[in-house]
Amino acid sequence: MLKKVEISARIEELKKTRADRLNLDAYWVLKRLMDISDRSMQAEPVLEWDPVEKMMVETGEYQFDSNGANRSTELIGKHLGMFKDNNNLNVNVGVQIVDDIPDDDDDE
60 MLKKVEISAR IEELKKTRAD RLNLDAYWVL KRLMDISDRS MQAEPVLEWD
110 PVEKMMVETG EYQFDSNGAN RSTELIGKHL GMFKDNNNLN VNVGVQIVDD
160 IPDDDDDE
């Protein structure tokens, strides 16, 4: 068991060293997630080929990256503790045992 603790401690130490070297911290991650969310929410015009104009033209519709926006926003929310998964379920159930089944001897 001691070896596992030592290995885990060494892994954490190496992760921290790498993060320090790369200047990575929670602020950096959150900033990137916010940038991704902002960029993903930008509406971009839908283009289609116009054979008469012989070029791509706007259709009047717009699209955005909903998956990128949702995922980055979800990760920010998780970091801030906004979504708590509570898998603990406490149940109090009363049980009453009724023994009204006749014994085999009672059939005679």
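First residue of the sequence shown? That's 60 in the working numbering, and the numbers climb one at a time after it.
Glycine included, C-beta positions come from ideal geometry on N, C-alpha and C.
Note to self: Do residue 134 and residue 92 count as a contact pair if the criterion is CB distance below 9 Å?
What the structure shows: yes
Next item on the list: Pick out the complete alpha helix (DSSP H) segments inside the region 62 to 134, 4 residues or longer, and give them in chain order.
Entry: 85 to 100
Item checked: Rounded separation between residue 100 and residue 140 - CA only -> 23 Å
Margin query: Does the region 94 to 109 come into contact with the region 120 to 134, if we say contact requires no fewer than three beta-carbon pairs (one atom in each stretch) closer than 8 Å?
Written below: yes
Note to self: Which same chain residues end up closer than 7 Å to residue 131 when comparing Cβ atoms and leaving out the 5 residues on each side of it in sequence?
What the structure shows: 92, 95, 96, 99
Check: If you compare alpha carbons, which of 107, 76, 142 is closest to residue 119?
Finding: 107
Note to self: Between which residues of its own chain and residue 115 is the CB-CB distance below 8 Å, once the five residues before and five after are set aside?
What the structure shows: 106, 107, 108, 109
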